[in-house]
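End of the sequence shown = 130 in numbering that gives the first Met the number 0, gap-free, step of one. Below is one structure, written out as structure tokens; comments come after it.
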Amino acid sequence: MYLPSVLALAGGALAAAALKASQQWPGDLGILSLYSNLPSWTFALALVLALTMATVQTVRLRLWDRGAIAGCYVCGSLLAAPRASRRGLGMTRRCLGCGKVHGVNHHRLSPKVLPLVPVEQARPATIRSAR
């Protein structure tokens, strides 16, 4: 869940270290990274990106904990982001706990909402006599 933000931070630190090491090289990249703060700005950008990604995941986790986001009906875990399902038949979300696939938009596949149980229409009472 937090792995993408850790990878963004590690990638930024690696890029900043590479830019710092390239200051010794002759040429345009060495001069650019030597006289500008490019390595530190690269790390700062990666840090902001990682914190933003971690904050989004934390907010999703808190909303799921409160019950504002749907969870898996089998194990109760958080669901992943919606993705297109096979043959273009709507969207699905995979459970992060058990791996079960859940449909997201069943109501969009049917042109009108069909009740699960047949509902009898209530007939208005007829008046037998006006007296």
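We put the CB at the ideal spot given by N, CA and C, even for glycine.
Residue range of the beta strand (DSSP E) that includes residue i
| i | result |
| --- | --- |
| V103 | Counting along the chain, V103 falls outside any beta strand (DSSP E), and DSSP gives it neither H nor E. |
| R93 | M90 to R93 |
Exposure of residue i, with buried meaning 16 or more beta-carbon neighbours within 10 Å
| i | result |
| --- | --- |
| C97 | exposed |
| A45 | buried |
| G11 | buried |
| S35 | exposed |
| C136 | Only positions 0 to 130 of the chain appear in the structure, and residue 136 is not among them; the question remains open. |
| S109 | For S109, the pLDDT reaches just 48, beneath the cut-off of 50, and the residue's location in the model is therefore unreliable, leaving the point undetermined. |
Residues that residue i bridges to, as DSSP identifies them
| i | result |
| --- | --- |
| A67 | BP columns for A67 are empty, so no partner. |
| L78 | C94 |
| A83 | M90 |
Start-to-end residues for the alpha helix (DSSP H) that takes in residue i
| i | result |
| --- | --- |
| S4 | L2 to A20 |
| Y34 | D27 to Y34 |
| said: Check whether the stretch 54-74 and the stretch 10-25 touch, using three or more Cβ-Cβ pairs below 8 Å as the test. | reply: With a cut-off of 8 Å, the stretch 10-25 and the stretch 54-74 do not count as touching, because too few Cβ pairs lie within range.
| said: Whether or not the stretch 75-84 and the stretch 95-103 are in contact is what I'm after, with contact meaning three or more pairs of Cβ atoms, one per stretch, closer than 8 Å; do they touch? | reply: With a cut-off of 8 Å, the stretch 75-84 and the stretch 95-103 count as touching, because enough Cβ pairs lie within range.
| query | Okay, do the stretch 63-70 and the stretch 34-50 touch, 3+ Cβ pairs below 8 Å being the bar? | reply | Pairwise C-beta distances place the stretch 63-70 out of contact with the stretch 34-50, as fewer than three of them are shorter than 8 Å.
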